[in-house]
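One structure is given here, and the rest of the page talks about it.
Protein chains in written order, with our numbering: chain A, 1 to 419; chain B, 1 to 419.
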């Protein structure tokens, strides 16, 4: 008898060659943990039918639900559906309505319909289709045996995640035998490291229901709170005092919950105040503006910005005086202040953030090493500047990203302090 | 008989909970590819002895070499060595000299020696020690059967990598029967879908040495070419005629190789021509500038840009006439042309790309639906405009990203056509 549980099978030679990180396995594993589903094994195999068939048959002896990613595309490399059908000796059948839909989707996106796309309309007899709202390749939910179900997803993360949320989660909650309802909530933090945060809440990390678990990636620290109860309401209620205690201990470091980003929180704070903002960027090169405009509806708050990569642009569009640039250099406190004031005035905004630094790998010196970043925040009451030393070992992308985070977080804290 | 090959087994409940990305599997997989060792499967299990024993026994039926990571620490959770010994019914024996060394290392590092650390000095009878130059936990090289060898590594990436390079690589080269050296090269494509590309090169996708395999993610299509030969030079030589044939069939769709990006290729083309560029962005909100400034050294070519999110900014910084905005709306051909011309003139550049569209989710209408994006490319010979319909189902981030790609690709093609 198979052990109750879910396994993940990721299909793709690129994983076996080490070309990409298996982000899909991590994402699905986290989702399974949130759903309270036991998950004991992950497997990766390449685009090889025999080895795929073997891996699927083995998994069917161990688990009740198998989640696969990858191998649903139109090329001869894409073998997942075919291998699953073969593993359970079930014929593939074309779904004519799916083939019509695939052609419609590709044409609507302005792409050519290749005959090979037709293979994506073939599924094992008896399989339910798992619609793909973001791409052409649908997945399936298929029980080749009464006690064993396979869910297939494409390898493209955005498509897999949309399908998971819209179709797989409701199915798993109804069918995968969870032992209660799990409700999770993420608290998001800035300006505090993972180990510092973990120390402040150390006694709570050992709690079993609800649980608290820390997560960290570059510039992003989270706590995930999870409770299990007979109903979702009861589980959510269990999280309320826990969240209050965590917020009490961490103060303004906690900037948001769940899908909030620093940018979305800043946009919200400004929208409630009927205020606007702009940016002037040198070393972040548009990353600060991109973070703000990634937020739907940001246009009511964010007026725009200037990517002032060259000194000519700093002078011409932002009004930074040539004297300042010559005397102090582009990466300096006076210049970043002039950039912030300049863009705030020209775009007639309440607030402006400016960044000028050395993201590397070239351009550093003993006096101004790679990783040195000057920031400025201009607002109704004046302009403040500060400096960050991110260190050169982090690399260009990390220095750019951390600069964006520090700029947004300073504005967030100023808005909170204003009441 | 086990298939000649290497499998990776990663041990750790944190992987099954999705707490961390499996960077160790990717790193080792890449190393195996460089060594030319066939690698057909990766497995992840948690800190559970029974499931570990089962996974090891299964692997021993399939492969000749098993590489494990994780589970070598001193806590009760660390079960790898114990489980491996149990899987092959071999007793564990203390290595007294190792226990002395562990105590010495911990004391030298200023850490307390816990009695639990002693467990790290126990290994199966017959195992060779794999020294750990960076931490206290050694690994082992052990052949419980003549045709099956296990190499164990700690989960800490820096320790694992040091041990791999210093001890495992020489052992694998001498013992694992590498069948040659593998050399890979990626060709990158734009303006062509994965299925269309696969059809053009269909006959080559079945080749066995060298191999050709297609990969696709949003707006990014690649072919990976891999050859195996007795030497790296010979393998690289095998790729030359294959790459030439692929380029012949795909023409300008092939924009670069390996780590190239569309932005880095555009920057290179402009640098060789001693030309400069700027951008004016509405719906991409800084994403186009960010893509360009992600390229190290882009500052010699990319002068800067304007993120003109509001109409005021389009007028004030780019000189778009209020009449145009009122008559045609911000998302229109005349406005995007005025944006491109405006930023090109003001920033005194050779080229300028402008983007204005509706990224959604709000702001769409029947006439101008979400996903409609106007682009303009202004250059020495005038300004061309075009329109893209990405469809509203893709979502905001994808519409922004695809707009960036289409803008950069148009400039690339114009530069190539200029000779």
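No residue lacks a Cβ here, since even glycine has one placed at the ideal position from N, Cα and C.
Minimum Cβ-Cβ distance from residue i to chain B less than 9 Å
i: residue 210/A; result: no
i: residue 122/A; result: no
i: residue 228/A; result: no
i: residue 2/A; result: Because residue 2/A carries a pLDDT of 41, less than 50, the predicted location of this residue cannot be relied on, and no value is offered for it.
i: residue 237/A; result: no
i: residue 60/A; result: no
i: residue 176/A; result: no
i: residue 288/A; result: yes
i: residue 114/A; result: yes
i: residue 284/A; result: yes
i: residue 368/A; result: no
i: residue 260/A; result: no
i: residue 23/A; result: yes
i: residue 303/A; result: yes
i: residue 49/A; result: no
Span separating the alpha-carbon of residue i from that of residue j
i: residue 13/B; j: residue 127/B; result: 26 Å
i: residue 18/B; j: residue 65/B; result: 27 Å
i: residue 100/B; j: residue 153/B; result: 20 Å
i: residue 174/A; j: residue 155/B; result: 36 Å
i: residue 401/A; j: residue 287/A; result: 7 Å
i: residue 168/A; j: residue 131/A; result: 10 Å
i: residue 94/B; j: residue 129/B; result: 12 Å
i: residue 199/B; j: residue 74/A; result: 10 Å
i: residue 271/B; j: residue 301/B; result: 6 Å
i: residue 415/A; j: residue 269/A; result: 7 Å
i: residue 195/A; j: residue 124/A; result: 49 Å
i: residue 349/A; j: residue 333/B; result: 28 Å
i: residue 197/A; j: residue 34/B; result: 40 Å
i: residue 144/A; j: residue 91/A; result: 11 Å
i: residue 294/B; j: residue 230/A; result: 49 Å
i: residue 190/A; j: residue 221/A; result: 7 Å
i: residue 149/A; j: residue 142/A; result: 5 Å
i: residue 385/B; j: residue 251/B; result: 23 Å
i: residue 172/B; j: residue 45/B; result: 24 Å
i: residue 326/A; j: residue 70/B; result: 54 Å
i: residue 47/B; j: residue 80/B; result: 8 Å
i: residue 393/A; j: residue 63/B; result: 39 Å
i: residue 413/A; j: residue 215/A; result: 23 Å
Cβ-Cβ separation, residue j to residue i (assumed contact under 8 Å), whole Å
i: residue 113/B; j: residue 119/B; result: About 12 Å separates the two Cβ atoms, so there is no contact after all.
i: residue 21/A; j: residue 21/B; result: 5 Å
Residue i and residue j closer than 9 Å at C-beta
i: residue 212/A; j: residue 262/A; result: no
i: residue 228/B; j: residue 36/B; result: yes
i: residue 405/A; j: residue 373/A; result: no
i: residue 330/B; j: residue 356/B; result: yes
i: residue 234/B; j: residue 283/B; result: no
i: residue 185/B; j: residue 239/B; result: yes
i: residue 342/A; j: residue 310/B; result: no
i: residue 219/B; j: residue 111/A; result: no
i: residue 289/B; j: residue 340/B; result: no
i: residue 72/A; j: residue 170/A; result: no
i: residue 205/B; j: residue 278/B; result: no
i: residue 299/B; j: residue 407/A; result: no
i: residue 267/B; j: residue 316/B; result: no
Cβ of residue i within 9 Å of any chain A Cβ
i: residue 335/B; result: no
i: residue 139/B; result: no
i: residue 293/B; result: yes
i: residue 255/B; result: no
i: residue 28/B; result: yes
Own chain partners of residue i with C-beta closer than 8 Å, once the 5 adjacent residues on each side are dropped
i: residue 157/A; result: 23, 24 and 27
i: residue 59/A; result: 7, 9, 41, 43 and 66
i: residue 57/A; result: 87
Residues near residue i in its chain [Cβ-Cβ closer than 6 Å; skip 5 each side]
i: residue 83/B; result: 49, 52 and 53
i: residue 391/A; result: 371
i: residue 242/B; result: 210 and 225
i: residue 159/B; result: 132, 134 and 135
i: residue 292/A; result: 263, 298 and 302
Residues near residue i by beta carbon distance below 7 Å, same chain, minus five either side
i: residue 117/B; result: 74, 102, 106 and 136
i: residue 256/B; result: 188 and 265
i: residue 161/A; result: 27
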